[in-house]
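Number of protein chains: 4
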Amino acid sequence: MTTAQRRARERARRQQEILEAAKEVFFEKGIHRATVDDVAAQAEVSKGTVYLYFQSKESILAHLLLEGLSILLPQLEAAYAPQEPLSADKRLRQLVEAYCQFAHTYPHYLRLLLALDRGRFQERVSAEVYQEILTESTRGLKLVAKAIRQGTEEGVFTADDPLLTAGVLWGALNGALNLMANPVRREMILVEPEAVFDATFELFLRGLQAHNR
Amino acid sequence: MTTAQRRARERARRQQEILEAAKEVFFEKGIHRATVDDVAAQAEVSKGTVYLYFQSKESILAHLLLEGLSILLPQLEAAYAPQEPLSADKRLRQLVEAYCQFAHTYPHYLRLLLALDRGRFQERVSAEVYQEILTESTRGLKLVAKAIRQGTEEGVFTADDPLLTAGVLWGALNGALNLMANPVRREMILVEPEAVFDATFELFLRGLQAHNR
Amino acid sequence: MTTAQRRARERARRQQEILEAAKEVFFEKGIHRATVDDVAAQAEVSKGTVYLYFQSKESILAHLLLEGLSILLPQLEAAYAPQEPLSADKRLRQLVEAYCQFAHTYPHYLRLLLALDRGRFQERVSAEVYQEILTESTRGLKLVAKAIRQGTEEGVFTADDPLLTAGVLWGALNGALNLMANPVRREMILVEPEAVFDATFELFLRGLQAHNR
Amino acid sequence: MTTAQRRARERARRQQEILEAAKEVFFEKGIHRATVDDVAAQAEVSKGTVYLYFQSKESILAHLLLEGLSILLPQLEAAYAPQEPLSADKRLRQLVEAYCQFAHTYPHYLRLLLALDRGRFQERVSAEVYQEILTESTRGLKLVAKAIRQGTEEGVFTADDPLLTAGVLWGALNGALNLMANPVRREMILVEPEAVFDATFELFLRGLQAHNR
DNA sequence: TATGAATGAGTTTTCATTCAT
DNA sequence: TATGAATGAAAACTCATTCAT
Chain B
1 MTTAQRRARE RARRQQEILE AAKEVFFEKG IHRATVDDVA AQAEVSKGTV YLYFQSKESI
61 LAHLLLEGLS ILLPQLEAAY APQEPLSADK RLRQLVEAYC QFAHTYPHYL RLLLALDRGR
121 FQERVSAEVY QEILTESTRG LKLVAKAIRQ GTEEGVFTAD DPLLTAGVLW GALNGALNLM
181 ANPVRREMIL VEPEAVFDAT FELFLRGLQA HNR
Chain Z
1001 MTTAQRRARE RARRQQEILE AAKEVFFEKG IHRATVDDVA AQAEVSKGTV YLYFQSKESI
1061 LAHLLLEGLS ILLPQLEAAY APQEPLSADK RLRQLVEAYC QFAHTYPHYL RLLLALDRGR
1121 FQERVSAEVY QEILTESTRG LKLVAKAIRQ GTEEGVFTAD DPLLTAGVLW GALNGALNLM
1181 ANPVRREMIL VEPEAVFDAT FELFLRGLQA HNR
Chain W
2001 MTTAQRRARE RARRQQEILE AAKEVFFEKG IHRATVDDVA AQAEVSKGTV YLYFQSKESI
2061 LAHLLLEGLS ILLPQLEAAY APQEPLSADK RLRQLVEAYC QFAHTYPHYL RLLLALDRGR
2121 FQERVSAEVY QEILTESTRG LKLVAKAIRQ GTEEGVFTAD DPLLTAGVLW GALNGALNLM
2181 ANPVRREMIL VEPEAVFDAT FELFLRGLQA HNR
Chain H
3001 MTTAQRRARE RARRQQEILE AAKEVFFEKG IHRATVDDVA AQAEVSKGTV YLYFQSKESI
3061 LAHLLLEGLS ILLPQLEAAY APQEPLSADK RLRQLVEAYC QFAHTYPHYL RLLLALDRGR
3121 FQERVSAEVY QEILTESTRG LKLVAKAIRQ GTEEGVFTAD DPLLTAGVLW GALNGALNLM
3181 ANPVRREMIL VEPEAVFDAT FELFLRGLQA HNR
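Residue numbers (our numbering), protein chains in the order written: chain B, 1 to 213; chain Z, 1001 to 1213; chain W, 2001 to 2213; chain H, 3001 to 3213.
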């Protein structure tokens, strides 16, 4: 039992070490250019060992993604502050601020989240991991939806389908982030990235509040 | 003279054929997985011929992108309808509908546009092509900004910086499209893609119109 | 007849133009890196035309080589000065000086001559051209041999086989030129190229003159 | 420890095997026409494996060159016979004979040495390997220079700059070898290669000994 | 469990040469 | 005679993944 436990802990630690190395390498060289060799070298293990802990390069990516979500979600939950008596407006604002903060503090994780599309995750990743990514992502979205629902119940927001509206906000914010992540498009807009992010939320909020009409 | 003309036409046609083949292949296998070999095979020419018409794989992509823009832009311009006396509201709505229409009719081009980020275009593509992409993209955005400016001048919209606001709309709509393009996220929202797109615009418009406050 | 003549002249002129272009391109980009396309572009003709006048890239090279020889040989002949009453010593010295001069004035042609080995001339070039290269090269060598023979007849040189001795001189001088053409070896010797060339000849001459044992 | 040692030995052996295969292939097809695929096939390993042991095609060449030098140099050193009391004349003769012997026994390595010019070694090869080539080459030349210096000190040779004179000899001998390596030129001289080599040295030696005048 | 050697298909790109017009 | 589009065989190099030890 004890041995089994130590084994499991050892294994988890090693996996974490490799993940840490992958993070460094992926973020520095870019996901495409970084090779599994690079990851192994950075983790100071052999390439074979990497494959002992992860079934594929994509799988490493998926775990990294999960890690990003595991950072983001507590922050969103804290921002939502379920136990405090807060206005829907404030709640939403705090959620968005938390996301903005996350985008700013962990640009690499953000890039991963935004690029979620890319990899052939579904094919190359174990069903559990894929499921977990889905669950975690949804959790975030549901917090937003909950804040919106609160607003509609309090009569300050107008939204028929809170989950859809949360999706709209989520998409719009990501759209803003995506837009400004691209040099071509940045040349088009000519303001700092944050301005677009903020403007997006303000506009969205105004739309949400415009209940008459 | 006639010979030269025919030559030029032949050349243009062949280039178009290859582009068509590339479109097929890129859209079916995905940009990453499709190879120049695939393109050549699809176009029923040799690989060398492909390189006779395009300087690199990225260049093919860029031309495809340009083609997409050359479809989208006239539609946006028609939607804007400069010569007609239209309300800003209507103009904006028509622009967004045109974009939605485009997204629906040419999902492949859309994917290209949304994926613009990827490639290292700037490095692998002739300066002219890159410039053209930038110019064309900007033209679309400026139409949107113009409609918004008209609204502010007419007192129906509130927007300090029309170009920024246009960027917000553009980003938000793309965000919606992106969101729904991803199976993971589609599973999260549980409505059809168009609904998110429409909801995004309606919310944005309401925000724009909420001039008091 | 006249028409045929003009045709022939036209053809010769065109061939010369292409050769000129090839010279420029080969010497600037290096023989390996220069392509037939480059040559055609420089000559302002189509690639097909190049192949109308030369059977292969190697053939162009061979003709260039021939051109180099056609510059070098008159100079060697002038240096030999058959009609003047000259000492063998002087004659030889003049020949070597002429070669040194040529090496200095036409480094590109020299490179071609020294690299004669490289190409698969014999296979890719018409028998006539190959024969001509051989004949021309031999003519130069024979001049040197003649000067040496004169010296042995006058009793100032010791050389059993003048042609062999001429070959030795020729080889030694080329060896010196080759040696100094290479950066690795230049770092080894640490003097200017000309010094090695001159020293080679002086040593050779002394050896030639040391007739008493 | 033992494992590591065996690994290292295994690795060295494999590298040697590939080098052996490369030698065969390069020497048979010529350096230009031989491909890395050929080398891999000859070594009966995959192409990837070749690149596991050598960073580039040029690098293989460099190692081959180094191998040739590692054969030649001990023979030159033995020929110099530092501990024996020998006349400079004899020493030099032995050095040249050793070189001739090498040229005869290892014509392929010789070809590599003579063709050293070609490749862009400096760019494609690790600095260490390049340095080593330079060092080894220089060592041979210095032996020759030392013998010449001994001769000048003993008053039997006349040479202001022994290193330069050694370069002259080295260049002349290589020139002779080069000359006879080429079919075109061999047809010109009409004697066996060795004769030119020997004649070169004899003439050089006589020049060196002609101290009066 | 850990290693790292081995794989080999796959990638983009080049270029001498041919040939229909 | 001149054109230039088309060819397609190479070529060098990469890298995710496997597997014997």
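The C-beta atom is built at its ideal place from N, Cα and C for all residues, glycine as well.
Small disclaimer: the values here were computed from a predicted structure and weren't measured.
Length of the line joining the Cα atoms of residue i and residue j
i	j	result
residue 1204 of chain Z	residue 3052 of chain H	57 angstroms
residue 2191 of chain W	residue 1131 of chain Z	53 angstroms
residue 3158 of chain H	residue 2207 of chain W	12 angstroms
residue 1066 of chain Z	residue 2113 of chain W	51 angstroms
residue 1064 of chain Z	residue 1036 of chain Z	14 angstroms
residue 1186 of chain Z	residue 1180 of chain Z	5 angstroms
residue 165 of chain B	residue 1188 of chain Z	12 angstroms
residue 1141 of chain Z	residue 1127 of chain Z	21 angstroms
residue 83 of chain B	residue 77 of chain B	11 angstroms
residue 2194 of chain W	residue 3133 of chain H	25 angstroms
residue 43 of chain B	residue 49 of chain B	10 angstroms
residue 2030 of chain W	residue 2171 of chain W	24 angstroms
residue 1124 of chain Z	residue 1027 of chain Z	21 angstroms
residue 32 of chain B	residue 139 of chain B	29 angstroms
residue 3019 of chain H	residue 3062 of chain H	10 angstroms
residue 201 of chain B	residue 173 of chain B	7 angstroms
residue 1021 of chain Z	residue 1015 of chain Z	10 angstroms
residue 2168 of chain W	residue 2153 of chain W	19 angstroms
residue 3085 of chain H	residue 2023 of chain W	56 angstroms
residue 3184 of chain H	residue 2058 of chain W	15 angstroms
residue 1161 of chain Z	residue 13 of chain B	51 angstroms
residue 1115 of chain Z	residue 2041 of chain W	38 angstroms
residue 2090 of chain W	residue 2149 of chain W	13 angstroms
residue 2073 of chain W	residue 2135 of chain W	11 angstroms
For residue i, the first and last residue of its enclosing alpha helix (DSSP H)
i	result
residue 2003 of chain W	2002-2029
residue 1200 of chain Z	1193-1209
residue 1074 of chain Z	1057-1080
residue 129 of chain B	127-154
residue 3054 of chain H	Where residue 3054 of chain H is concerned, there is no enclosing alpha helix (DSSP H), given that its DSSP letter is neither H nor E.
residue 3115 of chain H	Residue 3115 of chain H -> no alpha helix (DSSP H), and no H or E assigned at all.
residue 3172 of chain H	3162-3181
residue 1099 of chain Z	1088-1105
residue 3124 of chain H	3121-3124
residue 1040 of chain Z	1036-1043
Nearest-angstrom beta carbon gap, residue j and residue i [assumed within contact, 8 angstroms]
i	j	result
residue 137 of chain B	residue 69 of chain B	7 angstroms
residue 3060 of chain H	residue 3045 of chain H	No, residue 3060 of chain H and residue 3045 of chain H are not in contact; Cβ-Cβ is about 13 angstroms, not under 8 angstroms.
residue 143 of chain B	residue 99 of chain B	Actually they are not in contact, since the Cβ atoms of residue 143 of chain B and residue 99 of chain B sit about 10 angstroms apart, beyond 8 angstroms.
residue 1147 of chain Z	residue 1088 of chain Z	6 angstroms
residue 2129 of chain W	residue 2209 of chain W	Not really, about 39 angstroms apart at Cβ, beyond 8 angstroms.
residue 110 of chain B	residue 102 of chain B	7 angstroms
residue 1175 of chain Z	residue 175 of chain B	2 angstroms
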